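Input: a single structure, listed below in C-alpha cells.
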Amino acid sequence: MTRQVDPAPATALSEPRFLDAGEAALVVEFGDTVDPAINDRVLALDATLRADPPAGTREFVPTYRSLMIHFDPLQIDRDTLVAIVYRAMGTVVEGRREVAAWTLPCCYDPALAEDLDEAAGSLGLMRDEAVALHAAATYRVYMCGFTPGQLYLGGVPKALAISRRPAPRPPHPAGSVLIGGGLCTVAPFVMPTGWYVIGQTPERLYASERKEAFLIQAGDILRFDPIDLATFRNLEQRAATGEIVARKNAA
Amino acid sequence: MMAAASEAIVRVLSAGPGVTLQDAGRHGYLRFGVTAAGPMDSLAHAMANLAVGNPAGSTAFEVSVGGIEVTAEAAPLHVAIAGGEFTLSLDGRPLPPAVVLNLDEGAVLKIRAGRSGSWCYLAVAGCFVVPKVLGSHATHTRTGFGGVDGRAIAVGDRLRIERSGSSAPSPNAIVAPWLDRRLDTVRVVLGPQHDYFADDQIAAFLAGPWSVSAKGDRMACFLDGPRLTHARGYNIVSDGIAMGAIQVPGDGCPIVLMADRQSTGGYPKIATVIGPDLRRLAQARPGTTFRFEAVSIGEAVAARREEAALLARGIVVEPLVRTHLSSEFLLGLNLIDGVVGLDALG
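Written out as C-alpha cells, the structure reads:
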C-alpha cells in the first residue's frame, strides 16, 4: 500500500528483470519503486530502442520503473529480443530528446478544486497551505498513461502525500489536477477516479488538431503556476483554439 | 448527401448497444496513454475483411449481441459476415452465420444474436469514409476516439463507403469450421506479477473453474470463481498492460483486460491469456465456464502460428445452394443435367 509513497533510495545499477506479459509483450523491469534513477534507466533504454527499432517490435511503453516492449512473436523471438535489450543497455544514448521544463497554469479556485478542502482536511493543512505547497514544488513526469496525454508526476511534497480514496469518486472534469498515492496526475479526459481533485489546468495535454498532439512527455520537468478563475476562463478559451497556454523553458 | 459514382452508403436501420467500427487498432500511442482498441476477435475480423477482398486490418462493423440491421443506398455493396454463430437474414431469407453476399440497394440485412458467440464482423468491400484519429478508425467510446464521432453506431447513421471493385456470385457461405470455437480451457503464460501470489493461489487460479461474468464489456472480462489472495499486497507501482493481461485487484476476483483496456495499471497481473485463446474468450457468453492452463512461451507462439496459418490459406467459400437445396433448384439442376446428358449422347 505504501510502496508508492515511500520510495526506496536509489541503489547501484542492478540487472533488470525480464518478465513475460504473454507471448507478445516483454517487460524490462529496473526496480519496483518510484525513483528518478530507475525511471532514468527506463527512459534511456526506451530512447535507444526507439532510435533504431528492432524488426518485429511494435511499441515501447515506458512507465515508472519498467519498459514494456510489444512485439510480434512470429517476427522476433523472446531470446533475440532480450539479447537486443542487453546490447542497447550497453550503448551510449544518442538522439535522446531534450528534457523540457514546463510551467502549467493551474486554478485552485473552490469552483474547480472540488476535493481540495477534503484532502487538506485529512492532511491536517489549511486549504491555502496545501495550495502553496503544491504550487511551490517541482515535479518530474515519470510516465504518461491511463488516458491520452495523462501525466503521472513525482515530487509531491511529503505533507501532501495522501492515500488514494477507498472507493472511486464520480467523474472529474477534463484538465483536473489530482493527488493520490503520494503522486500527482493531470488528467485530460473525464473519468471516475480514486484520487483527489485539487485544481484544474486550462492547458490541453492532448489536442488532435495540434502538430504535436501530445504536449508533455515522460522525463520532462513541470511546475504549476496558480491562476485565478477569471484567468482560467480566459486561458481555457485560448486553449480551445489550439493555442498552447503552458510555458516551455529549457531545463 | 449525394454519393459519388464510386460511392455507396450503408444506412443503419437499427443497432443494439455496443456496435462500433473497428480496424486493426490504434497502435503506436500506448506510450501517451492511448488505448489501442481494435476488434475483440481479430481472427474473425480479418476473415470478414479478406472475404470481400479488403486487407485484413480494414475497418468493419463489430456487431455485439445487440445486433444490427442495415441496407445499401446509392449503389450495391459487397459484404461479408464472420464471427460468432449469429442469426442472419437477407430480406427475410435465412443465411448461414459466415457468409459473403451482394447487398442490393434497399435490401435489408439483419444480424441478430444467435446460438453462440458475442461478436461478429460485418465487412464491406472498400473503405469507410470517416475521419481517422491518430491514424485509425478504431472506436474507443470512453475517450471518444475513432468510428462515428467516437461513439457506438446508432439507428439513422449513414456511412459512406468508397467501393472497391470486388464482387462475387451471391450469396456464398464462408467455410471456416474453426469459427465455431469451444471454450473449455484457456491457455495463459504466467506473469508478469505471478510472484505476488503463493503457489497454492497459482494452483487455485489454474484449477478454477471460472465463469464469464455478465458485467464484461470491450474493456474487461470479469470472472466469477474462487477468490484469490495476494502474498505481497495488491498495489504495485503502475506498469504497462498487455492485451489479455489478467489483473487481480484487492477483492481477489480476476479481470481479463481486453481490446479497450487502459495502457497502464497498478494491480498485480497473475498471467496473460495467449493471443488465439483471447479471441475465443472474447466470444464466450456470460455463464460460460472454463479452466486456465499454463503454457510456455514456445507453446503460445506455436498456437499463434497455427492461427496465422488459417488466414494464410485464404478464404474458402461455397455457393449456398449446395447446402440449402430447394426443390425448385433441384428441378433446375436435373433439367440442366438432362441437357448436358443429351449433348454428350449426341
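Protein chains in written order, with the numbering used here: chain U, 29 to 279; chain S, 3 to 348. No residue lacks a Cβ here, since even glycine has one placed at the ideal position from N, Cα and C. Small disclaimer: the values here were computed from a predicted structure and weren't measured.
Inter-residue CB distance, residue i and residue j (contact presumed, cutoff 8 Å)
i: S:THR73; j: U:THR175; result: At roughly 37 Å, the Cβ-Cβ gap does not stay under 8 Å, so S:THR73 and U:THR175 are not in contact.
i: S:ILE176; j: S:VAL54; result: No, S:ILE176 and S:VAL54 are not in contact; Cβ-Cβ is about 11 Å, not under 8 Å.
i: U:PRO44; j: U:LEU71; result: Going by Cβ atoms, the distance from U:PRO44 to U:LEU71 rounds to 14 Å, so no, they are not a contact pair.
i: U:GLY118; j: U:ASP100; result: The Cβ separation is near 25 Å, so there is no contact.
i: S:THR266; j: S:GLY235; result: That belief does not hold up - the Cβ atoms of S:THR266 and S:GLY235 are roughly 18 Å apart, past 8 Å.
i: S:ALA41; j: S:TYR123; result: According to the sequence displayed, residue 41 of chain S carries Pro and not Ala. Rounded, the Cβ-Cβ distance is 7 Å, consistent with contact.
i: U:ILE249; j: U:ALA129; result: 4 Å
i: S:ALA127; j: S:SER172; result: Incorrect: roughly 12 Å between the Cβ atoms, too far for contact.
i: U:PRO168; j: U:PRO64; result: The question names Pro, but residue 168 of chain U is Arg in the sequence shown. The pair is a contact, with the Cβ atoms about 6 Å apart (cut-off 8 Å).
C-alpha gap between residue i and residue j, whole angstroms
i: S:ARG189; j: S:THR274; result: 9 Å
i: S:VAL132; j: S:HIS232; result: 46 Å
i: U:GLY203; j: U:GLY50; result: 34 Å
i: S:GLY35; j: U:GLY149; result: 32 Å
i: S:HIS80; j: S:ARG95; result: 17 Å
i: S:LEU347; j: S:ALA50; result: Any reading at S:LEU347 needs caution, since the residue's pLDDT is 33, under 50, leaving its predicted position unreliable; the model's value is listed next. Each residue's Cα considered, the two are about 45 Å apart.
i: U:VAL225; j: U:ASP105; result: 44 Å
i: S:ASP345; j: S:ALA302; result: Here the model assigns S:ASP345 a pLDDT of 34, short of 50, so the residue's position is not dependable and the matter cannot be decided.
i: S:LEU380; j: S:LEU111; result: Residue numbering for chain S in the displayed model covers 3 to 348; residue 380 of chain S lies beyond these limits and cannot be assessed.
i: S:PHE199; j: S:GLY252; result: 12 Å
i: S:CYS129; j: S:VAL150; result: 14 Å
i: U:PHE260; j: U:THR269; result: 15 Å
i: S:LEU103; j: S:ARG184; result: 27 Å
i: U:GLU87; j: U:CYS135; result: 35 Å
i: U:VAL56; j: S:ASP159; result: 45 Å
i: U:ALA75; j: S:SER138; result: 25 Å
i: U:LEU102; j: U:GLU240; result: 33 Å
i: U:ASP68; j: U:GLY247; result: 8 Å
i: U:LEU211; j: U:GLY183; result: 7 Å
i: U:ASP156; j: U:PRO198; result: 25 Å
i: S:VAL239; j: S:LEU161; result: 43 Å
i: S:GLY254; j: U:LEU109; result: 33 Å
i: U:PHE242; j: U:ALA235; result: 7 Å
CB contact flag (residue i, residue j, <7 Å)
i: S:LEU230; j: S:GLN249; result: no
i: S:LEU136; j: S:TYR31; result: yes
i: S:ILE11; j: S:ALA76; result: yes
i: S:ALA205; j: S:ASP25; result: no
i: S:ASN174; j: S:PRO321; result: yes
i: S:PRO211; j: S:THR291; result: yes
i: U:PRO216; j: U:VAL273; result: no
i: S:ALA17; j: S:VAL67; result: no
i: S:LEU15; j: S:GLU64; result: no
i: S:THR421; j: S:ARG315; result: What is shown of chain S runs 3 to 348, which leaves residue 421 of chain S out entirely.
i: S:SER120; j: S:GLY86; result: yes
i: U:ARG192; j: U:GLY208; result: yes
i: U:VAL127; j: U:TYR92; result: no
i: S:ALA82; j: S:ALA46; result: no
i: S:PHE224; j: S:ILE257; result: yes
i: S:LYS271; j: S:ALA247; result: yes
i: S:ASP43; j: S:GLN264; result: no
i: U:ALA52; j: U:LEU77; result: no
i: U:PRO196; j: U:GLY222; result: yes
i: S:ARG220; j: S:ASP182; result: no
i: S:LEU312; j: S:TRP180; result: yes
i: S:LEU192; j: S:ALA305; result: no
i: S:THR22; j: S:ALA154; result: yes
i: S:LEU142; j: S:THR61; result: Contrary to the premise, residue 142 of chain S reads as His rather than Leu in this sequence. No. Outside cutoff.
i: U:GLY227; j: U:ALA141; result: yes
Proximity test, Cβ basis, 7 Å: residue i and chain S
i: U:PRO138; result: no
i: U:VAL56; result: no
i: U:GLN103; result: no
i: U:LEU206; result: no
i: U:ALA189; result: no
i: U:PRO196; result: no
i: U:GLY203; result: no
i: U:MET96; result: yes
i: U:LEU181; result: no
Cβ of residue i within 7 Å of any chain U Cβ
i: S:ARG263; result: no
i: S:THR145; result: yes
i: S:ASP241; result: yes
i: S:ILE272; result: no
i: S:VAL303; result: yes
i: S:VAL191; result: yes
i: S:ARG234; result: no
Residue i beta carbon near the ligand GTP (any heavy atom closer than 6 Å)
i: S:MET221; result: Within the structure as shown, the ligand GTP is missing, as the structure has no ligands at all.
Three CB pairs or more closer than 8 Å across the segment 246-254 of chain U and the segment 147-163 of chain U: yes
At a cut of 8 Å, does the segment 206-216 of chain U reach the segment 177-186 of chain U through at least three beta carbon pairs? yes
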